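Residue numbers (this note's numbering): -12 to 114.
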């Protein structure tokens, strides 16, 4: 579904992300869950529940120094983003919010990251 040898997201397929991990012997980490990526710092995005993105689910990026948030809505574009969630993000200084199916969101994230933008990704890994 998505592959990019330059990263920081190297690969995305149904249910699985592979990202660059400088702390690993293989230089890669496999995440079999939803993903939160801020710069090169990755973690499992545990807050997402269901298929409607609510303000509580994005709190972890609100106090970060980012200008762009990319939201991956799943392979089938199943995750819906509430208007109040977008409002909350903008109220916290996130200037631009990009909402795309997860494969395309991975491509957008890598492009913005390599361009030097202060960018974060919250991505649903299945439907």
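The C-beta atom is built at its ideal place from N, Cα and C for all residues, glycine as well. As the structure is a computational prediction, the values presented were derived from the model and not from experiment.
> Nearest-angstrom Cα distance between residue 43 and residue 34?
Replying inline: Mapped onto the chain shown, residue 43 falls at position 56. Mapped onto the chain shown, residue 34 falls at position 47. Cα-Cα distance, rounded: 8 Å.
> Going along the chain, which residues of its own chain have a beta-carbon closer than 6 Å to the beta-carbon of residue 83, five neighbours each way excluded?
Replying inline: As a first step, residue 83 is located in the chain shown; it is residue number 96 there, counting from the start. Contacts found: 55.
> Residues in its own chain within less than 7 Å of residue 73 by CB, not counting five upstream and five downstream?
Replying inline: Position 86 of the chain shown, counted from the start, is the residue given in the question as residue 73. Excluding positions up to five away in sequence, the list reads 84.
> To which residues of the same chain is residue 109 closer than 6 Å at the C-beta, ignoring the five residues directly before and after it?
Replying inline: For the purposes of this step, residue 109 is identified with residue 122 of the chain shown, where counting begins at 1. A distance below 6 Å between beta-carbons, with the five flanking residues on each side excluded, links residue 109 to the following residues of its chain, in chain order: 23, 32, 58.
> Who are residue 31's beta bridge partners in DSSP?
Replying inline: Stepping through the chain shown from its first residue, residue 31 is reached at position 44. DSSP lists 22 as the beta-bridge partner residues of residue 31.
> Expressed to the nearest angstrom, what Euclidean distance is found between the alpha-carbon atoms of residue 96 and residue 71?
Replying inline: One-based indexing of the chain shown puts residue 96 at position 109. One-based indexing of the chain shown puts residue 71 at position 84. Cα to Cα, residue 96 sits roughly 23 Å from residue 71.
>> Just to confirm the assignment, what range does the beta strand (DSSP E) spanning residue 14 have?
In response: Your numbering for residue 14 matches position 27 in the chain shown. Element bounds for residue 14: n/a, residue is neither H nor E.
> What beta strand (DSSP E) runs, 3 residues minimum, are completely inside the region 49 to 105?
Replying inline: 55 to 59, 83 to 87
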